[in-house]
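2 protein chains.
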Amino acid sequence: MKKLIVQKYGGSSVANPEKIKNVAKRVVRYKKKGNDLVVVVSALGDTTDELIELASQISAEPPEREMDMLLSTGEQISVALLAMAIHELGYEAISLTGSQVGIITDTVHTRARIVKIEANKIHQELKKGKVVIVAGFQGMTPDKDITTLGRGGSDLTAVALAKTLEANECEIYTDVEGIFTTDPRIEPKARKIDEITYDEMLEMASLGAQVMQARSIEVAKKFDVPIQVRSSFSENCGTMIIKEVKNMEDVAVTGITLNKSESKITICNVPDKPGIAAKIFNQLAQGGINVDMIVQNVSHTRQTDISFTVPKVDSQKAIKLTQRAAQEIGELEVLEDLDIARVSIVGVGMKTHSGVAAGMFETLAKEKINIEMISTSEISISCIIKKKFAETAVKSLHEKFDLAKR
Amino acid sequence: MKKLIVQKYGGSSVANPEKIKNVAKRVVRYKKKGNDLVVVVSALGDTTDELIELASQISAEPPEREMDMLLSTGEQISVALLAMAIHELGYEAISLTGSQVGIITDTVHTRARIVKIEANKIHQELKKGKVVIVAGFQGMTPDKDITTLGRGGSDLTAVALAKTLEANECEIYTDVEGIFTTDPRIEPKARKIDEITYDEMLEMASLGAQVMQARSIEVAKKFDVPIQVRSSFSENCGTMIIKEVKNMEDVAVTGITLNKSESKITICNVPDKPGIAAKIFNQLAQGGINVDMIVQNVSHTRQTDISFTVPKVDSQKAIKLTQRAAQEIGELEVLEDLDIARVSIVGVGMKTHSGVAAGMFETLAKEKINIEMISTSEISISCIIKKKFAETAVKSLHEKFDLAKR
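Protein sequences appear in the order of chains F and G. Heads up: the first sequence runs through residues -7 to 398, numbered per the numbering used here. Heads up: the second sequence runs through residues -7 to 398, numbered per the numbering used here.
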């Protein structure tokens, strides 16, 4: 049966002419089987960073409309080159910018949202037998200004196109084989996961797994677009991200994530009365700081400590804002700890399996790892520990929850 | 009085962030005087060459549509960066691609012709007080495919915009001060010409002066758009290219050009009968060879030599095609001479001044320079000489026709 397949290739998959030719070969293999192919491409390797560097030499705060004008050239170069490479193999291909496709977005430059996608042009070209190559990460406003979609934008282009075109498959090609139970660089026994739910993937993405941005998974979940994450450098199957996993309840824990790019801030001896937390976190929000985990214990002494984590890059600014708030509240002490890591276990199965949290804490205790903060969601449990224990924690939890076995 | 000024900056004027900032300063100076500014920009320095190199690593003959998709990114990068640089100086600017302006072309990719330009968008943005930055060298087909205009395309964009917008001035910024009586690297006494006619400029362009391509001058002439060619690195006035020059008849010769990139091919003892020349030059035309000067003497022996010049890059191919034709005509000998130069004098004044040709030949004779071929147009005379005499010829002719003096 003839299928319509949307494939997305990331920057590392098209980093140079040699890799572009390899992508072309893969595309042609699918085409030869009689499928219709729509291929979304990111900018070549470091192109985007180079363009940002160029802009920074001209302006510290370039207008965002012009930034989009600049950055969108990266993907335009990729699509043209990939179309050439496919032609070179004797197949017809046509490259299209986001504007040419008709990917209409709102007017929020550098992080625009897709409003709608016109499918006509793509269908026309598919009907002519052509492989359609679409520039990822970009669209245009109704006024024809070029916009970009922000981080993970090319994935989003692919997922939105798969939905609009009612594609049979949506494949996200990257430089890893799929989603792993944990980072294989830390735990060599880490296993590629065959199937994972949107919710688990969302949780893993927000907890530090870097394969896909949360945003495109949210869209995939909303419209129930099944995604396969797989490697452009191998023939192996990747990981299917889907709504419901078969035998989902058999496993309590699907994966383990590690995030070492946060720091912890603590305000000591906060008066335990209403409005204090609001005061602190309003300050931080107004400063544009994205606070992550927040822990406050109910106190029996009318005083309590409040701890929270922020991305390390925002740490300096966050400390200053927190100190200002602490000053206003009453000369409270503010502590900073850069030396932390967050280890999280994720799994929809933990909804129905009891004792998962206890198992996690026990395992860390056995390794003599002190837990500094705990935070839980419906399908995840996160612990903040000293950074030096991070790898040990991941390995022992991987062992504890039997993740190496299918 | 408020003026609408179209300025065009070439690749060397925007080769790096520093130069782009300088262009921005110049633009802002004009803007501050209350003028409306439309600025056409080429790709940064070597960008176009780098993109061509990238494509060549993928395909020896990339599809021209995709080549246009690729190359048009060069100017898109420039316009975004220039708009940023103008913002940085506190002025409003908006960059537009050829497609966004509405520069509609035919569908002949890589050398498209402009069919029409929609002026609405530009007028709208000018009315908002913005400097409008337009990507040169590019347009789009009625089907929204991106096209490029071929060599000298950015000049053409500027001239066509000046015509469409009924601009008061059209300035072409480059890395030289204007059009010179001859190449100042050869003759240091060469003088910048204040005014030159379209016809003279066309002749000089086709005879080897490299400042502007003949194509945009033809369009300027057709629509009577006065152009000023000037340097982006100085404040001096440049050269006005206009319809008629004041006191035009005072000077016989306006400039001297030198072209050392041709070679001469001679077919010996060609039978002096109808249809022979046609046979030879048909072969060459079918091979895509651009033959330049052709000289054939009427013969009194029923045999004659035919000589012509071709660009050196085409020489190999031209020789082969000529030999084939010579074989068919009757085993004629074909000679090649790579060691030639063409020296030309140009001036509308020579229509009304007698003795200009004689003066040229006399001057060369005095320097003991043998003339191998002569060819004349209404406003130019060209001589092919041995390459080693080229500089001497230019200098002595510059002296003879008093070009150093105004």
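Using N, Cα and C, we set each Cβ at its ideal position, and we do this for glycine too. Here the structure is a predicted model, which means the values were calculated and not measured.
Could you give the DSSP three-state label for residue i: helix, strand or coil?
i, result
"Gly322 of chain G", "helix"
"Tyr22 of chain G", "helix"
"Arg207 of chain F", "helix"
"Gly90 of chain G", "helix"
"Ile376 of chain G", "strand"
"Tyr190 of chain G", "helix"
"Leu(-4) of chain F", "strand"
"Glu383 of chain F", "helix"
"Arg316 of chain G", "helix"
"Thr166 of chain F", "strand"
"Gly131 of chain F", "strand"
"Ile178 of chain F", "coil"
"Glu391 of chain G", "helix"
"Glu161 of chain F", "strand"
"Thr139 of chain G", "strand"
"Glu354 of chain G", "helix"
"Leu36 of chain F", "coil"
"Lys360 of chain G", "coil"
"Thr149 of chain G", "helix"
Less than 7 Å between C-beta atoms, sequence neighbours within five positions excluded: which residues of the same chain meet that for residue i?
i, result
"Ile268 of chain G", "Val262 and Ile321"
"Ala152 of chain G", "Ile106, Ile109 and Val211"
"Tyr22 of chain F", "Ile(-3) and Leu29"
"Ala111 of chain G", "Thr156 and Leu157"
"Lys318 of chain F", "The question names Lys, but residue 318 of chain F is Ala in the sequence shown. Hits under 7 Å: Ile259, Leu324 and Val326."
"Ile209 of chain G", "Tyr190, Met193, Leu194, Ala197 and Ile233"
Quick one: list the residues of chain F neighbouring residue i, beta-carbon separation under 8 Å, in chain order.
i, result
"Lys13 of chain G", "Ile50"
"Pro134 of chain G", "Within chain F, no residue comes near Pro134 of chain G; the closest Cβ sits about 13 Å away, beyond 8 Å."
"Ala77 of chain G", "Ile50 and Ser51"
In chain order, what residues of the same chain lie with their CB nearer than 8 Å to the CB of residue i, ignoring the 5 residues before and after it?
i, result
"Thr314 of chain G", "Ile257, Ile259, Ile272, Gln275, Leu276 and Val326"
"Lys214 of chain G", "none"
"Lys(-6) of chain G", "Gly26, Asn27 and Asp28"
"Gly37 of chain F", "Gly3, Ser4, Val6, Ala7 and Asn8"
What are the residues that DSSP puts in a beta bridge with residue i?
i, result
"Glu254 of chain F", "F:Pro303"
"Pro263 of chain G", "G:Gln295"
"Ser367 of chain G", "G:Ser374"
"Ala85 of chain F", "F:Val123"
"Lys184 of chain F", "F:Phe172"
"Ser336 of chain G", "G:Thr249 and G:Ser374"
"Met232 of chain F", "F:Glu187 and F:Gln220"
"Glu328 of chain G", "G:Ile257"
"Glu195 of chain F", "Paired residue(s): none; Glu195 of chain F is not in a bridge."
"Lys108 of chain G", "G:Ile96"
"Val30 of chain F", "F:Val(-2) and F:Val124"
"Ile286 of chain G", "G:Phe300"
Can you find a heavy atom of the ligand MN that lies under 7 Å from the Cβ of residue i?
i, result
"Met365 of chain F", "Inclusion of the ligand MN in the displayed structure is not the case, the ligand content being empty and no account of it being possible."
Along chain G, which residues have their Cβ under 8 Å away from the Cβ of residue i?
i, result
"Pro303 of chain F", "Neighbours of Pro303 of chain F on chain G: none; closest Cβ ~27 Å, over 8 Å."
"Met342 of chain F", "Going along chain G, no residue has its Cβ under 8 Å from Met342 of chain F, so there is no contact; the nearest lies around 48 Å."
"Met42 of chain F", "Reading the sequence as shown, one finds Glu at residue 42 of chain F and not Met. What Glu42 of chain F touches in chain G: nothing, since even the nearest Cβ is about 10 Å away."
"Pro55 of chain F", "Ala75, Met76 and His79"
For residue i, go through chain F and note every residue whose CB falls closer than 7 Å to its CB, in chain order.
i, result
"Glu80 of chain G", "Ile50 and Ser51"
"Glu236 of chain G", "Here the premise fails: no neighbours, minimum Cβ distance about 41 Å."
"Gln92 of chain G", "Lys136"
For residue i, collect the residues of the same chain with a Cβ closer than 6 Å to its Cβ; drop the 5 residues on either side in sequence, then sort them by chain order.
i, result
"Ser198 of chain G", "Ala206"
"Arg103 of chain G", "Gly142"
"Phe393 of chain G", "Val245"
"Leu330 of chain G", "Ser255"
"Ser374 of chain F", "Arg334, Ser336 and Ser367"
Residues of chain G with CB under 9 Å from residue i, in chain order?
i, result
"Thr65 of chain F", "Ser64, Thr65, Gly66, Gln68, Ile69 and Ala72"
For residue i, which residues in chain G fall below 7 Å Cβ to Cβ?
i, result
"Ser87 of chain F", "Glu58 and Met61"
"Leu46 of chain F", "Pro9 and Leu73"
| request: Check whether the region 130 to 137 of chain G touches the region 88 to 99 of chain G, counting contact only when three or more Cβ pairs, one atom from each stretch, lie closer than 8 Å. | output: Using a C-beta cut-off of 8 Å, the region 130 to 137 of chain G makes contact with the region 88 to 99 of chain G, since at least three inter-stretch Cβ pairs fall below that distance.
| said: So, does the region 365 to 378 of chain F touch the region 345 to 355 of chain F, judging by three or more C-beta pairs under 8 Å? | reply: The region 365 to 378 of chain F makes contact with the region 345 to 355 of chain F; the number of CB pairs closer than 8 Å reaches 3 or more.
| message | Using a Cβ distance threshold of 8 Å, determine whether the region 384 to 393 of chain F contacts the region 295 to 312 of chain F, with at least three qualifying pairs required. | response | Result no; under three Cβ-Cβ pairs closer than 8 Å.
| field | Segment contact flag, the region 157 to 173 of chain F with the region 371 to 382 of chain F, C-beta cutoff 8 Å, min 3 pairs | value | The region 157 to 173 of chain F is not in contact with the region 371 to 382 of chain F.
| Are three or more beta carbon pairs between the region 50 to 57 of chain F and the region 67 to 79 of chain F nearer than 8 Å? | Cβ pair count under 8 Å is below three, so no.
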